[in-house]
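J.: My structure is below; once you've seen it, I'll send some questions.
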Amino acid sequence: MKPSCWHKKSCFSVLFSILVLSSAGYSEPKGYPIDPDVHTTLERTIVPGARPAKELRLDEVSKYDRYGYGAWTFGAPALLEKRTDIMESGYDAAAATKKAKLLNFFTISDIHITDKESPNQGIYLSRLYNTMGISASLQSGVMLYSTHVLDAAVQTANALHKKNPFDFGISLGDAANSTQYNETRWYIDVLDGKVITPSSGAHLGADTIEYQRPFKAAGLDKSIPWYQTIGNHDHFWLGSVLVDNIRKDLRQSYTSDEVIAMGDILRNPAGLNSHDYYMGVIDGLTPYGDIIKAGPVGNFSSPPKVAADPDRRSLYRTEWMKEFFNTTSTPVGHGFNLADAEKGFACYSFVPRSSVPIKVIVLDNTQNDNDGSYDIHGHGFLDKERWDWLKKELSEGDSTGQLMIIAAHVPISVEVTAPRSEMGWWTDPKNAVTLPELVAELHSHPNLLMWISGHRHLNTVKAFISPDPVNAPEKGFWEVETASLRDFPQQFRTFEIFLNSDNTISINIVNVDPSVKDGTPAAVSRKYAVAAQQIVNIDIYNNNPTKDPTIKPMPTGSYNAELVKRLSRDMTAKMKSLFP
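Numbering (this note's numbering), first residue to last: 790 to 1369.
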């Protein structure tokens, strides 16, 4: 593993921060405290205002206030909905009481820490498809504040931990936006509580513009271990294509001083090889993050330039995993100490509490780095090695009497299968298992409680009902998605698992809006996230492309529930003996 200053130029950001701080007359920048009045969505929700009449582009951030974009209010709570979809017919949920708390943890997902000044982001493409959901992921005002929102979420988790201690936290992937070293380091350093310099290159505006200023992250409470899952954005360019496949100079473009030019990759991924539009960068000298150096190539007499930065380099999968060993929080490696980082095999499992028979199976179900595919790499996928590993973990969990949770980036059966969806299960023959085969395997393991995931930036819950609900309801399991900290509703999720008096399991899942203090960057980001949602006008609240009746609407983007699960006869006996 290369040290963090492996290149003589790689310490430029650190040296720059020291110079800025010294000139300002203090040794360490201040942090951004949250509002101490912390709530979950069981108490109140964030409700966006009505979509304004005036049409705006996502990049017209300076006009948001003038035309009413980004307005929101606190709304009614999202109460727990008791879900017994996977239980046998006639089950009386009201008769059961909670006997023992088994586990309490939280999930964060799709943080997309973004180097907005990198010369090879896809910023300009958002103008081509302003009202598509993908446009907001390419460029919106939230790009300015990705580290600040994570910091606010961490502080909120710390506050909840003081009231009801977490056993662990887990990130469900897409920590970085585009595989960059500095994006990954900012992410880990926020969780570690380091000083963050959220700018790159020439660090324009770092002493005058709020979103560019260095700040001291609070850091996750050191008593909370946290674990990491790999996402498609963590090892593919913009989560979409192989860095070393379609375009031969793509890897070099990360650290280049020239803004990348490409075609419309949303219509055809091969457009990455075209040179139609300069993608542009965010101007860190402007308070609203204006886009500069972008547009049709014909409008420029020469390629637009930026200050090159070696810290923008694209990490190989193995390098990305090894960065998690450079940390001051626990466990060192954040799960990849249990995996094979040398091979880039990002699957592992762990038992959060030795006294509770629950195992978390962390599954890498992103596409292969070397599959030779030219498609958008957002599909669910398992090669033979990962598929065999998963089956082995599930079988061992059943045979040793462990309840199991699968934590993966990509959800299953909530999108139509590829090629109709870029997020569905990949149908290419290189995939070792079809979606029906995967679901059948999962149904054969009665100790599986749930599959948790991110990826779609939604808070959907899906019931996988047993193939034999009358005689074997224990073969049913749940799937729970956690929304993105980047896009509205900018939430994380808590999970409390209980053993009930009738020896069933209840899983209370609750969305949490990061607590933000007025005037802080995280508060501005919330406004911009609401504005982006109003502009693209995509119905995230009722997103259900498969028309699955077990997937319920998400009022204000939130969904809280108590999910009930029947245990097998063997697990019932074991839990009775452990928790009499």
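A virtual CB, placed ideally from N, CA and C, is assigned to each residue, including glycine.
Sort 1230, 868 and 1220 by Cα distance to residue 1182 and report the nearest one.
T.: 1230
J.: Express the C-alpha separation of residue 1072 and residue 1310 in angstroms, rounding to a whole number.
T.: 17 Å
J.: Of all the options 910, 922 and 1060, which has the alpha carbon lying nearest to the alpha carbon of residue 1326?
T.: 922
J.: Label residue 1102 either buried or exposed according to how many other C-beta atoms from any shown protein chain fall within 10 Å of its C-beta, with 16 as the threshold for buried.
T.: buried
J.: Taking the alpha-carbon of residue 972 as reference, which of 955, 934, 1349 and 944 has the nearest alpha-carbon?
T.: Comparing Cα-Cα distances from residue 972 to each of 955, 934, 1349 and 944, the minimum goes to 934.
J.: Looking only at its own chain, which residues have a Cβ that is under 6 Å from the Cβ of residue 1352, when we skip the five neighbours before and after it?
T.: 872, 1267 and 1296
J.: Within 10 angstroms of its Cβ, does residue 1154 collect 16 or more other Cβ (buried), or is it exposed?
T.: Per the 10 Å Cβ criterion, buried.
J.: Does the segment 887 to 901 come within contact of the segment 1274 to 1293, defined as at least 3 CB pairs closer than 8 Å?
T.: Remark: three or more beta-carbon pairs, one from each stretch, lie closer than 8 Å, so the segment 887 to 901 and the segment 1274 to 1293 are flagged as touching.
J.: How would you write the range of the beta strand (DSSP E) that residue 1352 sits in, first residue to last?
T.: 1350 to 1354
J.: Can you list, in chain order, the residues of its chain whose CB lies under 8 Å from that of residue 1259, leaving out five sequence neighbours each side?
T.: 877 and 878
J.: Between residue 1360 and residue 1190, what straight-line distance do the alpha-carbon atoms span, to the nearest angstrom?
T.: 6 Å
J.: Measuring only between beta-carbons, confirm whether residue 1230 sits less than 7 Å from chain B.
T.: The displayed structure is made up of one protein chain only, and chain B is not part of it.
J.: So, under 8 Å CB-CB, residue 1281 and residue 1301 are touching, yes? Tell me the CB distance rounded to an integer number of Å.
T.: 5 Å
J.: Using the C-alpha atoms, what's the distance from residue 1049 back to residue 1242?
T.: 32 Å
J.: Can you find the residues in the same chain that come closer than 6 Å, C-beta to C-beta, to residue 1054, ignoring five residues on each side of it along the sequence?
T.: 1060 and 1061
J.: To which residues of the same chain is residue 1208 closer than 8 Å at the C-beta, ignoring the five residues directly before and after it?
T.: Excluding positions up to five away in sequence, the list reads 1164 and 1216.
J.: Which of the three DSSP states is assigned to residue 1225 in this structure?
T.: helix
J.: Quick one: using the 10 Å Cβ neighbour count with 16 as the cut-off for buried, is residue 1356 buried or exposed?
T.: buried
J.: With respect to the beta strand (DSSP E) encompassing residue 1252, which residues constitute its N-terminal and C-terminal limits?
T.: 1250 to 1253
J.: Assign residue 954 to buried or exposed, taking buried as 16 or more other Cβ atoms, counted over all protein chains shown, within 10 Å of its Cβ.
T.: exposed
J.: Give me the Cα-Cα distance between residue 947 and residue 1354, rounded to the nearest whole angstrom.
T.: 29 Å
J.: When you compare only the Cα positions, how much space is there between residue 1314 and residue 1146?
T.: 40 Å
J.: Considering only the alpha carbon of each residue, which of 1329, 1350 and 958 lies closest to residue 1140?
T.: 958
J.: Measure the C-alpha to C-alpha separation of residue 1214 and residue 1176 and round it to an integer number of angstroms.
T.: 14 Å
J.: Could you spell out where the alpha helix (DSSP H) holding residue 769 opens and where it closes?
T.: In this structure the chain extends from 790 to 1369, so residue 769 is not present and cannot be described.
J.: In angstroms with no decimal places, state the Cα-to-Cα distance between residue 900 and residue 1013.
T.: 19 Å
J.: Assuming residue 1016 is part of the beta strand (DSSP E), what are its boundary residues?
T.: Taken as a continuous stretch (DSSP letters only), the beta strand (DSSP E) holding residue 1016 covers 1015 to 1017.
J.: Answer yes or no: do residue 1373 and residue 851 have a C-beta to C-beta separation smaller than 7 Å?
T.: Within the shown structure, residues of the chain are numbered from 790 to 1369, placing residue 1373 beyond reach of any answer.
J.: What is the DSSP secondary structure of residue 810, reduced to helix, strand or coil?
T.: For residue 810, the predicted structure reports a pLDDT of 48, less than 50, and the residue's modelled location is therefore unreliable. A value from the coordinates is still provided. Residue state, collapsed to three classes: helix.
J.: If I measure Cβ to Cβ from residue 860 and keep anything under 6 Å in the same chain, skipping five residues before and after, which residues do I get?
T.: 838
J.: Roughly how many angstroms separate the alpha carbons of residue 968 and residue 1091, rounded to a whole number?
T.: 28 Å
J.: What are the residues that DSSP puts in a beta bridge with residue 1068?
T.: 1083
J.: Going by DSSP in three states, residue 1160 sits in which element: helix, strand or coil?
T.: coil
J.: Consult DSSP for residue 1110 and reduce its assignment to one of helix, strand or coil.
T.: helix
J.: Let me confirm a value: residue 1219 is counted as buried when at least 16 other C-beta atoms fall within 10 Å, else exposed. Which label applies?
T.: The residue in question, residue 1219, is exposed, as its Cβ has fewer than 16 Cβ neighbours within 10 Å.
J.: If I follow the unbroken alpha helix (DSSP H) through residue 977, where does it start and stop?
T.: From DSSP, the alpha helix (DSSP H) with residue 977 extends over 970 to 981.
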